[in-house]
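Here our numbering = 1-based position in the sequence shown + 3.
Just so you know, even glycine gets a beta-carbon here, dropped at the ideal spot from N, CA and C.
Only a predicted model underlies this, so the values are computations on that prediction, with no experimental measurement involved.
Step one of this worksheet: look at the structure below.
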Amino acid sequence: MMTIWKTLLTGCCAGLLISSSIGNVHVSEHATKTSDWKLIWQDEFSGPNGSPVDKDKWTHEIGGSGWGNHELEYYTDRTENSYQENGNLVIKVVNERFTGADNTTREYTSARITTKKTFKAAYGKFEARIKIPQGQGMWPAFWMLGDDINTVHWPKCGEIDIMENIGKEPSTIHGTLHGPGYSGGGGPTSSFMLANKRLFADDFHTFAVEWEPNVIRFYCDNVLYKTRTPADLPTGTTWVYDHPFFLLLNVAVGGDWPGSPNETTVFPQVMLVDYVRVYKRTTS
Ligand SMILES: [Ca+2]
């Protein structure tokens with residue numbers, strides 16, 4: 004059964020918009036070969052330990068508005084919340100009282116970075132290797148938004164959620180599409196679950212989509228777990244995945260979908276990102 008949370012557009016940025024449906028995972032063979040793809044953009048996060056994210060590649064989104072999902076964190080651009088270390092991007096979730104320039108006070112801080120100003124692409128393979136945080140209330144995500152968000156607005160710009168996890172489901176990640184008329188529960192969503200109750204937070208895993216005209220394929224650890232086409236959209240709605248999108252990485256705390264942290268949640272939490280790589284298809 005779908006569960007729906009409505010996301011509002013706040014300023015220049017859309018929040019996460021989620022629907023959840025844990026069902027059977029249909030695993031298929033890889034649709035393409037590695038040699039079909041040429042690397043065109045990457046961040047390996049190999050800067051000096053403690054250094055901030057590369058400003059030529061990422062921009063911070065700052066604020067504690069709740070991001071349309073009643074989230075509890077304040078996103079900052081401080082190196083307390085995001086930095087490079089040992090070849091990884093670290094997004095660190097801290098339980099601390101923080102008041103931002105907008106006078107909003109939150110009890111948690113975290114980071115949300117985007118390539119909105121620095122990189123966008125239409126079609127391609129978009130992949131990240133990530134070790135997610137854990138605990139009730141955590142909501143890490145690797146996702147994309149249409150670059151026309153400021154003109155046509157969300158959800159018409161389109162949203163591709165390559166990986167989302169909520170702490171209460173430590174063995175499951177979700178891949179979802181959202182667009183006009185399917186911004187809520189109508190957004191085609193699917194899940195990938197680790198076997199034997201293994202936890203995503205215990206290891207690095209790769210999360211990817213292969214996005215081509217009229218098809219988006221979702222992968223976890225190189226396993227194709229869902230293929231989406233316009234036929235999967237609700238009747239009368241439009242496939243909006245035909246223009247450039249940009250990337251986002253963030254860890255939200257609380258909000259309508261994951262619920263709030265509780266006494267079992269351990270802070271600080273970190274999301275480690277070994278790399279983000281984008282490929283263009285070289286074959287047809
Ligand atoms: Ca790396």
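Query raised in the report: For serine 49, is the beta carbon positioned less than 7 Å from some heavy atom of ligand 1?
Result: In this structure, ligand 1 has a non-hydrogen atom nearer than 7 Å to the beta-carbon of serine 49.
Report task. Give the DSSP bridge partners of cysteine 223, in chain order. Result -> Phe210 and Val226
Query raised in the report: Would the stretch 116-131 and the stretch 275-287 be scored as touching if the rule is three or more Cβ pairs under 8 Å?
Result: yes
Query - Sufficient close CB pairs (3 or more, under 8 Å) joining the stretch 136-145 to the stretch 252-270 - result: Short answer: they touch.
Query - Span of the beta strand (DSSP E) around asparagine 98 - result: 91-102
Requested in this report: Identify whether threonine 298 lies in helix, strand or coil by the three-state DSSP scheme.
Outcome: In this structure the chain extends from 4 to 287, so residue 298 is not present and cannot be described.
Report task. Put aspartate 151 into one of helix, strand or coil per three-state DSSP. Result -> coil
Query raised in the report: Out of curiosity, what's the CA-to-CA distance linking serine 38 and glutamate 215?
Result: 16 Å
Requested in this report: With a threshold of 7 Å, establish whether the CB of glycine 90 neighbours any heavy atom of ligand 1.
Outcome: For glycine 90, the CB falls within less than 7 Å of some heavy atom of ligand 1.
**Report entry** Cβ-heavy atom distance, aspartate 277 to ligand 1, below 7 Å
**Finding:** yes
Requested in this report: For the stretch 258-276 and the stretch 178-195, state whether three or more C-beta atom pairs, one from each stretch, are separated by less than 8 Å.
Outcome: Counting Cβ pairs under 8 Å, fewer than three are found: no touch.
**Report entry** Identity of the residue in Glu167, Thr285, Val155 and Lys120 nearest tryptophan 260 by Cα
**Finding:** Glu167
Requested in this report: From the DSSP output, in three-state form, read off isoleucine 158 for me.
Outcome: Reading the sequence as shown, one finds proline at residue 158 and not isoleucine. Annotated three-state conformation of proline 158 is coil, per DSSP.
Query raised in the report: Out of curiosity, what's the CA-to-CA distance linking aspartate 59 and serine 174?
Result: 34 Å
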